[in-house]
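Colleague:
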Amino acid sequence: MVTAVEATAVPLQASNKCKFQIIDVDQDPQGSTDVDDAGSVDHIGRLPDAVLCSILSLLPTKEGARTQVISRRWRPLWRSAPLNLVVDEELNSSNNSLVNLISKRDDLISKILSVHPGPARRFSLCLSNSNYHGKMKGWLSSQALDKLREFQLIPKHWFDVRDTFYLLPSSVYRFAPTLRVAKFGGCSFSDLIVKLSLKFPCLKQLTLDRVAISEDALQSMLSGCYALESLELKKNSGFRRLCISSQTLKSVGFCTNWCTESVPLQELVIEDAPCLERLLPLDPQNMIAVGLTTKMHSVRVLVLDYLNLDTVVNFLKSFPCLERLYVFFQSRMSYINPQEYDPPEPIECLELHLKEVLLKNYDGTIPLCIDFAKFFVLNAKVLKEMKITLPYHRQYNWFANQHRLLRTKDRISQDARIELKCGTNVYFTDNRNTHDLSMTDPFDVPSRGCKKCSGSPF
Numbered sequence: 001m002v003t004a005v006e007a008t009a010v011p012l013q014a015s016n017k018c019k020f021q022i023i024d025v026d027q028d029p030q031g032s033t034d035v036d037d038a039g040s041v042d043h044i045g046r047l048p049d050a051v052l053c054s055i056l057s058l059l060p061t062k063e064g065a066r067t068q069v070i071s072r073r074w075r076p077l078w079r080s081a082p083l084n085l086v087v088d089e090e091l092n093s094s095n096n097s098l099v100n101l102i103s104k105r106d107d108l109i110s111k112i113l114s115v116h117p118g119p120a121r122r123f124s125l126c127l128s129n130s131n132y133h134g135k136m137k138g139w140l141s142s143q144a145l146d147k148l149r150e151f152q153l154i155p156k157h158w159f160d161v162r163d164t165f166y167l168l169p170s171s172v173y174r175f176a177p178t179l180r181v182a183k184f185g186g187c188s189f190s191d192l193i194v195k196l197s198l199k200f201p202c203l204k205q206l207t208l209d210r211v212a213i214s215e216d217a218l219q220s221m222l223s224g225c226y227a228l229e230s231l232e233l234k235k236n237s238g239f240r241r242l243c244i245s246s247q248t249l250k251s252v253g254f255c256t257n258w259c260t261e262s263v264p265l266q267e268l269v270i271e272d273a274p275c276l277e278r279l280l281p282l283d284p285q286n287m288i289a290v291g292l293t294t295k296m297h298s299v300r301v302l303v304l305d306y307l308n309l310d311t312v313v314n315f316l317k318s319f320p321c322l323e324r325l326y327v328f329f330q331s332r333m334s335y336i337n338p339q340e341y342d343p344p345e346p347i348e349c350l351e352l353h354l355k356e357v358l359l360k361n362y363d364g365t366i367p368l369c370i371d372f373a374k375f376f377v378l379n380a381k382v383l384k385e386m387k388i389t390l391p392y393h394r395q396y397n398w399f400a401n402q403h404r405l406l407r408t409k410d411r412i413s414q415d416a417r418i419e420l421k422c423g424t425n426v427y428f429t430d431n432r433n434t435h436d437l438s439m440t441d442p443f444d445v446p447s448r449g450c451k452k453c454s455g456s457p458f
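Per the UniProt record's numbering: the sequence shown = residues 1 to 458.
(1) Pick helix, strand or coil for S298, following the three-state DSSP scheme.
(2) Which of the three DSSP states, helix, strand or coil, is assigned to G185?
(3) What are the partner residues of Y326, as DSSP defines its beta bridges?
(4) Pull up the distance between the alpha-carbon of L352 and that of I366, whole angstroms please.
(5) From the DSSP output, in three-state form, read off F458 for me.
(6) Rounded to the nearest angstrom, how far is the Cβ of L268 from that of R300, given a contact under 8 Å?
(7) What separation, rounded to the nearest whole angstrom, lies between the Cα atoms of I44 and I112?
(8) Could you have a look at C18 and say whether DSSP puts it in helix, strand or coil?
(9) DSSP puts Q152 in a beta bridge; with which residues?
(10) In angstroms, rounded to a whole number, what distance separates the CA positions of C349 and G118?
(11) Quick one: complete alpha helix (DSSP H) runs, 4+ long, within the region 203-283?
(12) Three-state secondary structure (DSSP) at I23?
(13) Return the CA-CA distance between P82 and P281, expressed in angstroms with no decimal places.
(14) Less than 8 Å separating the beta-carbons of K360 and K384?
(15) For M1, name the three-state secondary structure that DSSP assigns.
(16) Which one of G364, V382, V87 has the shortest CA to CA distance from F329?
(17) What is the DSSP secondary structure of L198, reduced to helix, strand or coil?
(18) Just to confirm my understanding: we take R122, look at its own chain, exclude 5 residues before and 5 after, and list those with CB closer than 6 Å. What are they?
(19) Just curious, the beta strand (DSSP E) that T389 is in, first and last residue?
(20) For N379, name the three-state secondary structure that DSSP assigns.
(21) Which residues mark the beginning and the end of the alpha helix (DSSP H) in which R404 is found?
(22) Could you please give me the residues that DSSP links to V115 through a beta bridge?
(23) Who are the near neighbours of F184 in its chain, counting only those whose CB is closer than 6 Å to its CB and skipping five residues on each side?
(24) Assign K295 to buried or exposed, taking buried as 16 or more other Cβ atoms, counted over all protein chains shown, within 10 Å of its Cβ.
(25) Indicate whether L148 and L179 have their beta-carbon atoms separated by less than 8 Å.
(26) Within the same chain, show all residues whose beta-carbon is closer than 6 Å to that of Q205, passing over the 5 residues directly before and after it, in chain order.
(27) Along the chain, where does the alpha helix (DSSP H) that runs through L316 open and close?
(28) Whole angstroms are fine: how far does the CA of S220 sit from the CA of Y392?
(29) For residue 465, which residues of its own chain have a beta-carbon under 6 Å away from its beta-carbon, when the five flanking residues on both sides are left out?
(30) Let me know the secondary structure DSSP gives L85 once reduced to three states.
(31) Does the distance from the C-beta atom of S298 to that of P320 stay below 8 Å?
(32) According to the neighbour-count rule (16 or more other Cβ atoms, all chains shown, within 10 Å of its Cβ), is S400 buried or exposed?
(33) Out of F189, L198, L437, K250, point me to the one whose CA is closest to R174's CA.
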C-alpha cells in the first residue's frame, strides 16, 4: 500500500527551480521512456494505475502535470487522476514586466480545465486581483470540475476585504451535491440558497471567513448539511444570531467582527447538537453570547471568557462530561471565595471528568486570579494538569510563591501537576485545528514562550 508520504517522492526534483515555468499539457515528451535519466528502471511506474492516479491527485498542480514527461507510462495518468488545481496568485499585476507571465498563467489554468476530463478532487482559488472574478465564472463552469469534492475561495490580502465583498457566482452551487470540504472568504452569498433549498449531503467541513450572508441564507445552508462535522465562523457579517441544530456536528469555532459596519454575530444558540465535542471561541477578547437549550453531554473541550467565577461555575453545569477547560482572564473579575463553594448538587464535570485546566493571561498579583485558579485545585477531583500562562516575565521567587499558594494541602487532587509559563501569547487565536478532530488539544500549537526563562513546572 502506498501512503501519502510516499507520494511526495513523485515530483521531479527540478520542479522548485523555476517557480513560474509554464508547461504545455499537450506537449509531446520526446524521447520519453520507462527509464529515468540515470538509466534505471521506473519502479514506481510499475504500480497499478489506480494507485498512481491516487498519488497524482494529492500532488500540487504543476508537479502533477510535470509527471507526463517522465515516460510514456506516465503520460495518460495525469488526465485519468482526479484533478487537484490550486490557483495562487503570487505575482504583482502592477509590475508590467510580469503581465505576460500572468496572462500565460491564466491561459494555462483555462487550458488545464479544458483538457482534463474530470472529475476534480480539489479546486482552490486565492485571489488578489478583482480581474479574476470574471474569469472565475468561466472556470467554475468547466466540465473538469464536475463532482468536485474540495473547494476553497479566499482573497490573497484580507485587508482589502473590509466591508466590500464580491458576489459569489451562482455556478458554485452546482458543486453542492458532492462537496466534502468548503472554505469561503471575502465574498457575499445571495439568498439564492434559500430559494433553491440547496442541500450539501456530503459536506463535512465548512469555513466561512469574513463573508456577508443573511441569517436566513446561513440557516438554510446549515440545515442542508446532513453530514457536517466541523464548522468555523470567523468575523462574518449579515446576521446577529445563529441557532445550531445538527445531529452530526462535533466541533464549532467562532468569533465575531466588531470592526465591521455591517451586522456582526452577537449570539450563538446551541439548540440540538448531541455529538458536539468542542465549543471554541477563536477570539476571546471579542466574545459573543452563547445560549444552551439543554445539557451538552458530548462536549469535551470548552473555552470561556467570563468575568465572574460564579457564572463560570453555573456554566459548567451544562457540560457534565467536560474534560478540558480553557479560561481567558480579563482585567476585572468579580469575587467568590473558593472555600465557600458548596453547591446543593455536585457539578458532574468537577466530580468525574475535568482533567485539564488551561488559564491564559493569568496575573498572580491579583488575589481574584489566584482564587480562580485555586478553585479548580480545590474542587476538580480528577484534575491531572493545570497550565497557567502569564502575560509578563516573572522572577523565580514569584514562581516559588505561586507554587506555595496553589499547591495547598487541601487540594482535592494530590497528583495534579501545575505548570506556569510567562511571556506567552495571551490569545487562543490562530487556532488552525477546528476541523482536525483527531487532535486531542485543538490549541496544541507551539508557544512563543519567554526568552528570559523556561517557566516553572511543579
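For each residue, glycine too, the CB sits at the ideal point set by N, CA and C.
Modeller: In brief:
(1) coil
(2) strand
(3) V303, L358
(4) 30 Å
(5) In this prediction, F458 scores a pLDDT of 47, lower than 50, which makes its location untrustworthy; the coordinate-derived value is nonetheless stated afterwards. Coil at F458, not helix or strand.
(6) That belief does not hold up - the Cβ atoms of L268 and R300 are roughly 18 Å apart, past 8 Å.
(7) 25 Å
(8) Caution is warranted here: a pLDDT of 36 is assigned to C18, below 50, making its placement in the model unreliable, and no coordinate value can be reported.
(9) S124, K183
(10) 50 Å
(11) 215-223
(12) Since pLDDT at I23 reaches only 42, below the 50 mark, its modelled position is unreliable, and no value is offered.
(13) 36 Å
(14) no
(15) Caution applies to M1, whose pLDDT of 34 falls short of 50 and renders its modelled position unreliable; the value that the coordinates give is listed next. Looking at M1 - three-state DSSP - the assignment turns out to be coil, as it is neither helix nor strand.
(16) G364
(17) coil
(18) N84, E150
(19) 385-390
(20) helix
(21) 396-406
(22) None; V115 has no bridge partner.
(23) L153, L208, V211
(24) exposed
(25) yes
(26) V181, S230, H435
(27) 309-316
(28) 46 Å
(29) No answer is possible for residue 465: the residues shown for the chain start at 1 and end at 458.
(30) strand
(31) no
(32) The identity of residue 400 in the sequence shown is Ala, whereas the question assumes Ser. By the neighbour-count rule (16 or more Cβ atoms within 10 Å), A400 is not buried but exposed.
(33) L198
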